[in-house]
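The UniProt record's numbering applies: residue 1 is where the sequence shown begins, and numbers increase by one.
Every residue gets a Cβ at the ideal spot worked out from N, C-alpha and C, and that includes glycine.
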Amino acid sequence: MKPPYQSVLVIDDHKMIINGIRVTIEHLFEQFHEAYSGESGVEQAVKHQPQLVIVDFRLPDIEGNMVVKEVRYKCPQSRILAYSFNFDENAVNKMFSVGVNGYVLKNEDEGEFLKAIETIMLGRDYYCREARNHIINRISFQDDNTRHLIQDMEFTSKEVEIIRLICYQKTAREISDQVYLSERTVEQYRSNINKRIGARNLVGVIKFALKNGLIRIEEL
């Protein structure tokens, strides 16, 4: 029976871990590629343009989030699953901020790992419970009423990140570099956000973000 997906690239500096992942998922992919450093991982990704990239946060040369940035730019069609050995809030924050499609721990059981891959390959995001809880906490709001109001407005994680960057007084060019969108698209996001939250200027956006816990006053 032909595997459902074409190719996967695993970036990890531990060969035993890569071998374990191979055994677990090789039935899902026609091609299995591997790399043992961030630099070689980016090279392999550019060469093979894999449908899925699985990348460790801690690599011997550069952190996984920097690898993800490069892969996102050079392989825009690739889906990306990040992971680390232990739950690390810093790792989750960094990987989430560069737009990975999922995050799991290495010590998750085989079923959880396969579920993550299958969910991501269906075009949805998948975060293990620990990572999901931390991300929710990171962008959570001060009270339940506000939280429901925000959810009703259906803010995406991309929009939340753009609101935060606007508050930091980033230019459209700087925001576009960070969220991997064109300047024109960023301006469209900015305009739509202003209309939805009823903000006429930067001060209005900052007030909204502070009230809803998207930023803290000490961050400004």
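Local conformation of residue i per DSSP, three classes
i: Arg58; result: coil
i: Leu9; result: strand
i: Gln169; result: coil
i: Phe113; result: helix
i: Phe208; result: helix
i: Ala35; result: strand
i: Tyr189; result: helix
Residue i to residue j span [Cα, whole Å]
i: Val67; j: Lys211; result: 34 Å
i: Thr119; j: Arg79; result: 11 Å
i: Arg147; j: Ser40; result: Any reading at Arg147 must be qualified, since the residue scores a pLDDT of 39, below 50, and its modelled position is unreliable; no value is offered.
i: Ser140; j: Phe155; result: Below a pLDDT of 50, predicted positions are generally treated as unreliable, and Ser140, at 46, falls in that range; the measurement from the model is reported next regardless. Cα-Cα distance, rounded: 12 Å.
i: Ala82; j: Arg124; result: 14 Å
i: Cys75; j: Gln49; result: 6 Å
i: Tyr180; j: Tyr73; result: 8 Å
i: Arg216; j: Gly102; result: 26 Å
i: Leu202; j: Asn90; result: 29 Å
i: Ile193; j: Asn19; result: 46 Å
i: Phe113; j: Tyr127; result: 10 Å
Bridge partners - residue i, DSSP secondary structure assignment
i: Glu26; result: Paired residue(s): none; Glu26 is not in a bridge.
i: Leu52; result: Val8, Arg79
i: Phe155; result: Bridge partners of Phe155: none, in fact.
Same chain, Cβ closer than 6 Å to residue i, neighbours up to 5 away in sequence not counted
i: Ile11; result: Ala35, Gly41, Val55
i: Lys69; result: Val98
Cut-off 8 Å between Cβ atoms - residues of its own chain near residue i, not counting five sequence neighbours on either side
i: Val205; result: Ile163, Ile166, Cys167, Ile193, Asn194, Ile197, Ala199
i: Val46; result: Lys74, Cys75
Cβ neighbours of residue i in the same chain (closer than 7 Å, five flanking residues each side left out)
i: Ser37; result: Asp13, Leu59, Pro60, Asp61
Minimum length 4: unbroken alpha helix (DSSP H) runs contained in the stretch 67-105: 89-97
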